[in-house]
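Peer 1: Questions regarding the structure given below will be posed in turn.
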Amino acid sequence: MAIPATAPARTGLIEVSDFNLAYDTIDGAVIAVSDADLVVNPGEFVSIIGPSGCGKSTLLNAVAGFLKPTSGIVTVDKEPVKGPSADRGMVFQQYSLFPWKTVRENVEFGLKMRGMGKSERAVAARTLLGLAGLSAFEDHYPDRLSGGMKQRVGIVRALATGPKVLLLDEPFGALDAQTRVIMQQILTNLWQRLGISVLFVTHDIDEAIFLSDRIYVMTARPGTIKAEVTVPLPRPRDAALQLSPEFVQLRADLGALIREESLKAMGGELNEDALKGLAVNLNGANLAEVV
Ligand SMILES: Nc1ncnc2c1ncn2[C@@H]1O[C@H](COP(=O)(O)OP(=O)(O)OP(=O)(O)O)[C@@H](O)[C@H]1O
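The opening residue of the sequence shown carries number 1 in UniProt numbering; numbering runs sequentially from there.
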């Protein structure tokens with residue numbers, strides 16, 4: 001598989017309009033997402049952030065085709081999403097590799113299912129594994145890999161079938177801080193090389209800023225889009241960028257938006273007065289800074 005150094009993206013337009021999704025439970029309907037609209041342009045890197053339980057995964061799973069909206073529409077390149085498809089690669093926080101297959105066999109699996117010949121799929125898998133720095137591990141089984149490596153294999157596996165869009169749900173949530181930073185750089189590199197559209201869910205504001213062209217901030221449940229923030233930072237980005245005034249300002253702005261929603265998500269029970277009553281020591285900080 002020949003991978004150009006920079007592939008101009010013309011496909012991979014994700015559009016979510018008037019999106020509502022309610023889960024049926026024995027206690028009645030739980031409205032997870034309400035009236036959400038979002039767009040990912042071809043080749044764009046877009047993140048969704050928001051308080052816990054606001055519906056980020058629900059939205060992402062609907063784009064993947066694992067969940068159907070209660071109302072509204074999800075399209076990729078104007079085609080309605082009707083179920084999972086190889087056009088949409090998905091990476092979860094939990095490593096979902098086949099433990100009985102080697103790294104290369106894991107990556108080749110989707111290609112085999114699509115009828116690609118043995119030698120062709122070996123070349124495709126090797127090319128992508130090389131880009132993710134995994135060439136030396138292609139014959140290893142997942143139980144011999146670190147968490148970061150497993151997740152790199154998961155990303156490569158999702159990319160192997162040549163999807164138009166890559167969907168990632170907290171993919172680095174279980175990794176330590178150092179590994180996380182390296183993974184962010186590897187993902188950025190793969191994204192730029194492949195020219196693919198990415199929709200990325202994270203709790204981590206710095207991660208969202210570092211990776212994204214644009215960030216959607218969701219409200220507390222029922223989640224809707226509260227704000228859309230463009231990240232005007234130049235690329236390539238490196239760790240030093242996090243000290244720049246622009247990065248610091250974005251972090252503060254996004255932090256304020258999320259804190260407001262996190263407090264709402266706590267049912268409005270937690271405010272400055274309530275904390276005084278609970279005698280919680282904030283060590284001089286105000287509540288908004290510590291929650
Ligand atoms: N299968 C389900 N049945 C009922 N309710 C559900 C189901 N899945 C999710 N929910 C509820 O829907 C809401 C949105 O969940 P979702 O997992 O999409 O949020 P999230 O923002 O991704 O959360 P987190 O950041 O904690 O992963 C939550 O209140 C959750 O409890």
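Here a beta-carbon is modelled for each residue, glycine too, at the ideal position from N, C-alpha and C. All of these numbers come straight from a predicted model, not from anything done at the bench.
1. Is it true that the CB of Lys164 sits closer than 7 Å to the CB of residue 355?
2. Looking at C-beta atoms only, is the number of pairs between the segment 78-92 and the segment 151-166 that lie closer than 8 Å three or more?
3. If I follow the unbroken beta strand (DSSP E) through Lys68, where does it start and stop?
4. Can you determine whether any heavy atom of ligand 2 sits closer than 6 Å to the C-beta of Ser57, and answer yes or no?
5. Going by DSSP in three states, Pro80 sits in which element: helix, strand or coil?
6. Go through its chain and collect everything with a Cβ distance to Ala265's Cβ below 8 Å, but skip five positions before and after it.
7. Have a look at Glu120 and Asn189 and give me their C-alpha separation to the nearest angstrom.
8. Can you pull the DSSP bridge partners for Met183?
9. Near Val231, what residues of its chain come up, given a Cβ to Cβ distance below 7 Å and the 5 sequence neighbours on each side ignored?
10. Does any heavy atom of ligand 1 sit closer than 6 Å to the C-beta of Arg221?
11. Taking 6 Å as the line, does the beta carbon of Ala32 fall inside it for any heavy atom of ligand 1?
12. On a CA-only basis, which of Thr179, Asp169 and Leu159 is nearest Ser146? Give me that one, please.
13. Going by the beta-carbon positions, is the gap between Glu170 and Val201 smaller than 7 Å?
14. Return the residue from the list Ala174, Ser197 and Val248 that minimises the CA-CA distance to Ile205.
15. Helix, strand or coil: how does DSSP classify Gly255 here?
16. Which partner residues of Leu199 appear in the DSSP bridge assignment?
17. In three-state DSSP terms, what is Asp24?
Peer 2: Checking against the coordinates, here is how it stands:
1. The shown model of the chain, from 1 to 291, leaves out residue 355, and the question about it has no answer.
2. The segment 78-92 is in contact with the segment 151-166.
3. Lys68: not part of any beta strand (DSSP E); DSSP gives it neither H nor E.
4. Judged by which ligands are present, ligand 2 is missing from the structure shown, whose ligands are ligand 1.
5. In the structure shown, the three-state DSSP call for Pro80 is strand.
6. Exclusion of the five residues before and after Ala265 leaves Pro51, Ser52, Gly53, Cys54, Ala220 and Arg221 as the residues of its chain whose Cβ lies within less than 8 Å of its Cβ.
7. The C-alpha of Glu120 lies about 24 Å from the C-alpha of Asn189.
8. For Met183, which the question treats as bridged, DSSP gives no partner whatsoever.
9. Sequence-distant partners of Val231 (beyond 5 residues in either direction) whose C-beta falls short of 7 Å from its own C-beta, in its chain, are Ile209, Ser212, Asp213, Arg214, Ile215 and Leu250.
10. At least one heavy atom of ligand 1 is nearer than 6 Å to the Cβ of Arg221, so yes.
11. For ligand 1, at least one heavy atom lies less than 6 Å from the Cβ of Ala32.
12. With distances taken between CA atoms, Ser146 lies nearest to Thr179 out of Thr179, Asp169 and Leu159.
13. Result yes, Cβ atoms of Glu170 and Val201 sit closer than 7 Å.
14. Out of Ala174, Ser197 and Val248, the CA that lies nearest to the CA of Ile205 is found in Val248.
15. Three-state result, Gly255: helix.
16. In the DSSP output, where bridge partners are listed per residue, Leu199 has Val46 and Leu167.
17. If DSSP states are grouped into helix, strand and coil, Asp24 belongs with the strands.
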